[in-house]
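Working notes, structure below.
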Amino acid sequence: MTTLEVDLAGIRLRNPTLLASGVMGETGDSLLRVAEAGAGGLVTKSIGLEPRKGYPNPTLVELPDGYINAMGLPGPGIEAFAEEMEVAKKGNVPIIGSLFAAVPEDFTTLAGKMEDYGAAAIELNLSCPHAKGYGMEVGIDPEAVGTIITSVKGAVTIPVMAKLTPNTHRLLDVARAVEAAGGDAIVAINTVKAMAISVEARRPILYNRTGGLSGPAVKGVGLRCVYELHGAVKIPIVGVGGIESSRDVLEYMMAGASAVQIGSAVGRRGLKVFSEICHGLTEYMIANKHRSLKEIVGVAHAR
Amino acid sequence: MTTLEVDLAGIRLRNPTLLASGVMGETGDSLLRVAEAGAGGLVTKSIGLEPRKGYPNPTLVELPDGYINAMGLPGPGIEAFAEEMEVAKKGNVPIIGSLFAAVPEDFTTLAGKMEDYGAAAIELNLSCPHAKGYGMEVGIDPEAVGTIITSVKGAVTIPVMAKLTPNTHRLLDVARAVEAAGGDAIVAINTVKAMAISVEARRPILYNRTGGLSGPAVKGVGLRCVYELHGAVKIPIVGVGGIESSRDVLEYMMAGASAVQIGSAVGRRGLKVFSEICHGLTEYMIANKHRSLKEIVGVAHAR
Amino acid sequence: MLVETRVRERIESGKGITTLIFEAPMAARPGQFVMVWIPGVDEIPMSLSHIGGHAGITVKEVGEATLALSNLRPGDMVGLRGPYGNGWKLDAKRILAVGGGVGMAPIIPAVEAVGDRGRVDVAIGARNAGEIIFEERARAASSDVRVTTDDGSHGLKGTVVALADAMMKEKRYDMVLGCGPEVMNRFLLKACVENNVPCQLSLERLMKCGSGLCGSCVIDGLRVCADGPVFTGEQVLGMKEFGKCKRDDAGLRVKL
Amino acid sequence: MLVETRVRERIESGKGITTLIFEAPMAARPGQFVMVWIPGVDEIPMSLSHIGGHAGITVKEVGEATLALSNLRPGDMVGLRGPYGNGWKLDAKRILAVGGGVGMAPIIPAVEAVGDRGRVDVAIGARNAGEIIFEERARAASSDVRVTTDDGSHGLKGTVVALADAMMKEKRYDMVLGCGPEVMNRFLLKACVENNVPCQLSLERLMKCGSGLCGSCVIDGLRVCADGPVFTGEQVLGMKEFGKCKRDDAGLRVKL
Ligand SMILES: Cc1cc2nc3c(=O)[nH]c(=O)nc-3n(C[C@H](O)[C@H](O)[C@H](O)COP(=O)(O)OP(=O)(O)OC[C@H]3O[C@@H](n4cnc5c(N)ncnc54)[C@H](O)[C@@H]3O)c2cc1C
Ligand SMILES: Cc1cc2nc3c(=O)[nH]c(=O)nc-3n(C[C@H](O)[C@H](O)[C@H](O)COP(=O)(O)OP(=O)(O)OC[C@H]3O[C@@H](n4cnc5c(N)ncnc54)[C@H](O)[C@@H]3O)c2cc1C
Ligand SMILES: Cc1cc2nc3c(=O)[nH]c(=O)nc-3n(C[C@H](O)[C@H](O)[C@H](O)COP(=O)(O)O)c2cc1C
Ligand SMILES: Cc1cc2nc3c(=O)[nH]c(=O)nc-3n(C[C@H](O)[C@H](O)[C@H](O)COP(=O)(O)O)c2cc1C
Ligand code: FES
Ligand code: FES
Chain E
2 MTTLEVDLAG
12 IRLRNPTLLA
22 SGVMGETGDS
32 LLRVAEAGAG
42 GLVTKSIGLE
52 PRKGYPNPTL
62 VELPDGYINA
72 MGLPGPGIEA
82 FAEEMEVAKK
92 GNVPIIGSLF
102 AAVPEDFTTL
112 AGKMEDYGAA
122 AIELNLSCPH
132 AKGYGMEVGI
142 DPEAVGTIIT
152 SVKGAVTIPV
162 MAKLTPNTHR
172 LLDVARAVEA
182 AGGDAIVAIN
192 TVKAMAISVE
202 ARRPILYNRT
212 GGLSGPAVKG
222 VGLRCVYELH
232 GAVKIPIVGV
242 GGIESSRDVL
252 EYMMAGASAV
262 QIGSAVGRRG
272 LKVFSEICHG
282 LTEYMIANKH
292 RSLKEIVGVA
302 HAR
Chain U
2 MTTLEVDLAG
12 IRLRNPTLLA
22 SGVMGETGDS
32 LLRVAEAGAG
42 GLVTKSIGLE
52 PRKGYPNPTL
62 VELPDGYINA
72 MGLPGPGIEA
82 FAEEMEVAKK
92 GNVPIIGSLF
102 AAVPEDFTTL
112 AGKMEDYGAA
122 AIELNLSCPH
132 AKGYGMEVGI
142 DPEAVGTIIT
152 SVKGAVTIPV
162 MAKLTPNTHR
172 LLDVARAVEA
182 AGGDAIVAIN
192 TVKAMAISVE
202 ARRPILYNRT
212 GGLSGPAVKG
222 VGLRCVYELH
232 GAVKIPIVGV
242 GGIESSRDVL
252 EYMMAGASAV
262 QIGSAVGRRG
272 LKVFSEICHG
282 LTEYMIANKH
292 RSLKEIVGVA
302 HAR
Chain B
104 MLVETRVRER
114 IESGKGITTL
124 IFEAPMAARP
134 GQFVMVWIPG
144 VDEIPMSLSH
154 IGGHAGITVK
164 EVGEATLALS
174 NLRPGDMVGL
184 RGPYGNGWKL
194 DAKRILAVGG
204 GVGMAPIIPA
214 VEAVGDRGRV
224 DVAIGARNAG
234 EIIFEERARA
244 ASSDVRVTTD
254 DGSHGLKGTV
264 VALADAMMKE
274 KRYDMVLGCG
284 PEVMNRFLLK
294 ACVENNVPCQ
304 LSLERLMKCG
314 SGLCGSCVID
324 GLRVCADGPV
334 FTGEQVLGMK
344 EFGKCKRDDA
354 GLRVKL
Chain C
104 MLVETRVRER
114 IESGKGITTL
124 IFEAPMAARP
134 GQFVMVWIPG
144 VDEIPMSLSH
154 IGGHAGITVK
164 EVGEATLALS
174 NLRPGDMVGL
184 RGPYGNGWKL
194 DAKRILAVGG
204 GVGMAPIIPA
214 VEAVGDRGRV
224 DVAIGARNAG
234 EIIFEERARA
244 ASSDVRVTTD
254 DGSHGLKGTV
264 VALADAMMKE
274 KRYDMVLGCG
284 PEVMNRFLLK
294 ACVENNVPCQ
304 LSLERLMKCG
314 SGLCGSCVID
324 GLRVCADGPV
334 FTGEQVLGMK
344 EFGKCKRDDA
354 GLRVKL
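If you read the sequences in order, they're chains E, U, B and C.
So for the first sequence, our numbering puts the first residue at 2; every next one is plus one.
So for the second sequence, our numbering puts the first residue at 2; every next one is plus one.
So for the third sequence, our numbering puts the first residue at 104; every next one is plus one.
So for the fourth sequence, our numbering puts the first residue at 104; every next one is plus one.
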């Protein structure tokens, strides 16, 4: 029988499609629903130390080929997230706890709690383009990132992944720093810093003015990052950005991704996107006589 | 009467729409045709010291919302470009000579020739994402960029503009270096580094593997860069990226652009895009009782 | 996609309840909603009380954004995105539509869409006469429209749920549509279960993205914006959080 | 948008001339072309010799990419993007279609599209019998098909331009369609001018983007990919570069 199972840094996933952070990931019940819809694993909303309201609305702009969002990292904070994890775990798929913080110590504290709550891995959000003091503001400096990875690795026994930003020319340097510090995987990409302006209102639409571009518009950027990362580091890569079909997943895997995440397509295509993609992947594997998806990871690098 | 005239670093443009570099800009006759189609000014293909064939095909990938290209900076070289400029000048609109080089001395040589040929200004391509040794490889380092601007400014009397890349977190630092070195304007953005993969062929589609994303997909990125630049430097900004309609132009101007460039839309919409945009701008100005487009530059920054 | 439009007409539909008709058209199903951006203020969800030719909403003043909306004048600009959500299913043979207060906003286009005065009855309730809205539109589209107010200032005195309960006992319906405050929805659901009539309820939760992404609007795992706002009675019966708690801006549970 | 497809059928249409029919359908107008990607080799422009149900091209071996294409076998993969270009205008009453060698590729779908055997005549020319293609398709669609070869090995001996000239003198046409080597196009244009018959010519230049962007395919200011490949006789008469020079990969002028 064809299996879509993949191994991601030691975690077994029933299929390579993970829910991306920030989409339906704030509450246990919504995470559970995504598991039921067929996702191979779940990444939580990026959780911080304290509850945060996020930015006032508008927090989202819809474009023909994607979204620009500036939610502002809303979330209940790590304490309250315990009960959400309890519920989410009923989905019986690995849960990756996404975390944001400004300094290594806070990342360590958060990661420890996430491990206690039963997370299968940690994803460090070093890449949010629109929250002051967090995310990409720390994620563009290889040294700072190395320090964070070292600290978090020292504090937990589960795999630690770093989610990186494409908004820098230093992506590969940062990724090498993650690998050197013992990080277990790279997740790429987070959103591309962008903006939308209303001509009638003569002002930026988003409350935060700038936000992050996601969806099909950024697929080419994500593919390029994954392809370049595959050539630069040996740890596994998780591809994210504009994935809406099994073909998109195959492109990412051929570029070098061991697994993928899906965010915007949940809004644009609906929750059925997970099962539809898995169906398409299975068909592809049968047609091409593959026994494991591992066989296609990185094949686009051969010449 | 309503006028669309704008001033860009001392150059008078009959309207704010310039042809972007690399599109129909390699031969005098094609530049002339774009002038006849209504463009307010023309930017030439980026010209180097020697003739270059560029990359073999495929050099272009078409996407629903844009293109990914890796032409590889083909061009006849600065000597042979003299006769093209002679022809292009018949269009009676300002011609901005785009140049690429690896070191300041070469930029200086090229700029001197372009001035001799009758260019109204120089645009330095510090931002091409896919030509080894050129473009963005030099354009992400504020110091190196400052040196180039200083040298070129010392060699010509016409305005010198720097075209910058969004593929870095240092955009504003680079722009400030341009301003400090006496640069006359910033042009943003060049393409966003991206890639396309063929599942059937199991390889990148472009000969050069990676290329640059342009068209509507990057409009939000360009708007963000122009908006941020407007807050960071006082020299004028030329907005580029995904412009296809008068509304797009208004968004860029409200974000802070004094003029705009149009590239991909020439392929997607046809040459009529210039006159259609100008028509839309005139209608907007009449409806909103503006006497000069200057009145809307940067208005999205007011709160 | 954001549609930038202007207020074409402003109608005071009731006390503190304002209807805004916009220049922009909006092809939508009854029960769908839009995210309304009031530049410089906020962006909030509003049911479409008018669909087709010109989009229209009916807003009750409860806080900063609804106040700003209520004060808009013809010519003022708003941004609309949508329509979002599923809307009502209207294929039942005999429908009872029940609206409480501004809950009539998503109900009235459904009543009109049935297109057969005999197939749909309407029960309208509010605290007092001033808050009864769309009674005339209802009478134009239905041959049995009844009204209640808490204080008896118009129509019967009592709650709209009591009225709906009586109507279900008096006539045979095979579908109830309901929209109002959550406590009304809760009792209406109870009445429907007791009278053995299936129902659909339009629910509300805090909305940010409106597009099924952020998860801020969930009741249990269901997104009000994308899986609702209209849910079947069975779905609502399965909701642990319905009538009990909601989520605040940080995603923390708050008791209702 | 790149369509990844496979070769469905391979037909040797003539000596060194191969027709490839692909799995993918292609809705196109006669005279349009596609950019054909042969992975690992190149991407080159090819007229569509078959449109509709399955896309087809007819390729003459002249260099690396055309050789690779000719050697493809059923099941092999190519990428297609397009269709690009304007295609022929076919509204004239009496048409003479003139194809030289593989120049028949964009001509034959036009002949078939006229859909009236009496409205279109065809003149086919080539160096020798082996290079005459699509004669049968032409006969099926036209009641007057004539053939010439340089060496007289099939049909009349002589050039297709001489044949066309004779036909123009013999019958009345109000449009000539022509495609072949540039020297043939040049003399055909001359003959049409002399016989006072309007014409359309399909031209070729080096193509990179195929999409009207890069400017590598220009003749004077006109892009063969986007403004052509079919140009009117008047347009061609106005071209300083036609028949004289073309541009190389670097955009430098090269004598023809
Ligand atoms: C799908 C949907 C359709 C809606 N349709 C309409 C409509 O047609 N007409 C109308 O008047 N209102 C409608 N609402 C409710 C409306 O969106 C809120 O009243 C509005 O967001 C409050 O904003 P505010 O800034 O004025 O008040 P705030 O200052 O935010 O709050 C004032 C009070 O209203 C409560 N509140 C805030 N937001 C909501 C919410 N989303 N749901 C329930 N209570 C809330 C607060 O808890 C507080 O008690 C709808 C809500 C949803 C989710
Ligand atoms: C719109 C258009 C439609 C075409 N349709 C067909 C077709 O239906 N069938 C067909 O066989 N060919 C067609 N061609 C020509 C075909 O694209 C070229 O023969 C091919 O690109 C040559 O590639 P190569 O690598 O095999 O040869 P190369 O090694 O590149 O060159 C071999 C020889 O061909 C010449 N050449 C190369 N490219 C071109 C070109 N674009 N135009 C003219 N001469 C060229 C070179 O100068 C050289 O003499 C068409 C060209 C255009 C522009
Ligand atoms: C509404 C929204 C909220 C997001 N929130 C987060 C977040 O909290 N943490 C994070 O690492 N990424 C966040 N992202 C980024 C996504 O996880 C993902 O990297 C990005 O959207 C690209 O993938 P997509 O094109 O599939 O959406 C968010 C994206 C969206 C659209
Ligand atoms: C085919 C192509 C070739 C280009 N060549 C150049 C170039 O030589 N120099 C340059 O500075 N920019 C070049 N660009 C970038 C454009 O000038 C422009 O910055 C970019 O495409 C974004 O604008 P658009 O969305 O309007 O195309 C090229 C773009 C395209 C699509
Ligand atoms: S409001 Fe964001 S998911 Fe419903
Ligand atoms: S091939 Fe690029 S413009 Fe024609």
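Backbone N, C-alpha and C define an ideal beta-carbon position, used for all residues, glycine too.
Per DSSP, reduced to three states, the secondary structure at residue 275/U is helical. Remark: fewer than three beta-carbon pairs, one from each stretch, lie closer than 8 Å, so the segment 190-201 of chain E and the segment 249-258 of chain E are not flagged as touching. Out of 53/E, 240/E, 8/E and 256/E, the CA that lies nearest to the CA of residue 210/U is found in 256/E. A straight-line Cα-Cα distance of about 48 Å links residue 97/U and residue 217/C. Closer than 9 Å to the CB of residue 321/B there is at least one CB belonging to chain E.
A residue is called buried once 16 or more other Cβ atoms fall within 10 Å of its Cβ, and residue 166/U is buried on that count. Counting along the chain, residue 124/C sits inside the beta strand (DSSP E) bounded by residues 120-125. Within the same chain, and ignoring the five residues on either side of residue 208/B in sequence, the residues whose Cβ sits closer than 6 Å to its Cβ are 150, 152 and 161. Judged by DSSP secondary structure, residue 239/E falls within the beta strand (DSSP E) whose first and last residues are 238-241. Taking CB atoms only, residue 104/B has a neighbour in chain E less than 9 Å away.
Apart from the 5 residues on each side of it in sequence, residue 53/U sits with its Cβ closer than 8 Å to the Cβ of 73, 74, 75, 76 and 78 in its chain, given in chain order. If you ignore the 5 residues before and after residue 268/B, its C-beta comes within less than 6 Å of the C-beta of 294, all in its own chain and listed in chain order. Residue 105/U carries a helical assignment under DSSP once its states are collapsed to helix, strand and coil. Taking a Cβ-Cβ cut-off of 9 Å, the neighbours of residue 61/U in chain C comprise 138, 146, 184, 311, 312, 313, 314, 316 and 317, given in sequence order.
Residue 198/U is bridged by DSSP to 205/U. Against residue 168/U, the close residues of chain E are 170, in the order they occur along the chain (beta-carbon pairs closer than 7 Å). By the criterion of a C-beta distance shorter than 6 Å, residue 299/U is surrounded in its chain by 231 and 257, once the five residues flanking it on both sides are discounted. Taking residue 230/C as the centre and dropping the five residues before and after it, the same chain places the C-beta of 253 closer than 6 Å to its C-beta, in chain order. Close CB contacts of residue 113/E within its chain, under the 6 Å cut and outside five residues either way in sequence, are with 156 (chain order). Close to residue 146/E, with beta-carbon spacing below 8 Å, lies no residue of chain B; the smallest spacing is near 27 Å.
With a beta-carbon spacing of about 5 Å, residue 57/E and residue 208/E fall inside the 8 Å limit used to define contacts. The DSSP-derived three-state label of residue 335/B is strand. When beta bridges are read from the DSSP output, residue 237/C appears opposite no residue. Residue nearest to residue 237/B within the set 322/B, 120/B and 359/B is 120/B (criterion: CA-CA distance). Residues are counted here when their Cβ sits less than 7 Å from a Cβ of chain U; for the segment 106-123 of chain C these are 107, given in chain order. The DSSP-derived three-state label of residue 56/U is coil.
For residue 175/B, no chain E residue has a Cβ inside 8 Å of its Cβ, as the nearest lies near 13 Å away. The three-state reading of DSSP puts residue 261/E in strand, counting E and B together. Not flagged as an interface residue toward chain E: residue 151/B, since no C-beta distance is shorter than 9 Å. In this chain, the alpha helix (DSSP H) harbouring residue 154/U covers 143-156.
Rounded to the nearest whole angstrom, the C-alpha separation of residue 62/E and residue 140/B is 11 Å.
A straight line joining the alpha-carbon of residue 29/E with that of residue 164/E spans about 22 Å. Between residue 146/E and residue 194/U, the C-beta gap is not smaller than 9 Å, which leaves the two residues out of contact.
For ligand 6, no non-hydrogen atom lies closer than 8 Å to the CB of residue 324/C. Within 8 Å of the CB of residue 180/B, the CB atoms of chain E belong to 201 and 202, in sequence order along the chain. Between the beta-carbon of residue 107/E and that of residue 50/E there is about 6 Å, and that keeps the pair under the 8 Å contact cut.
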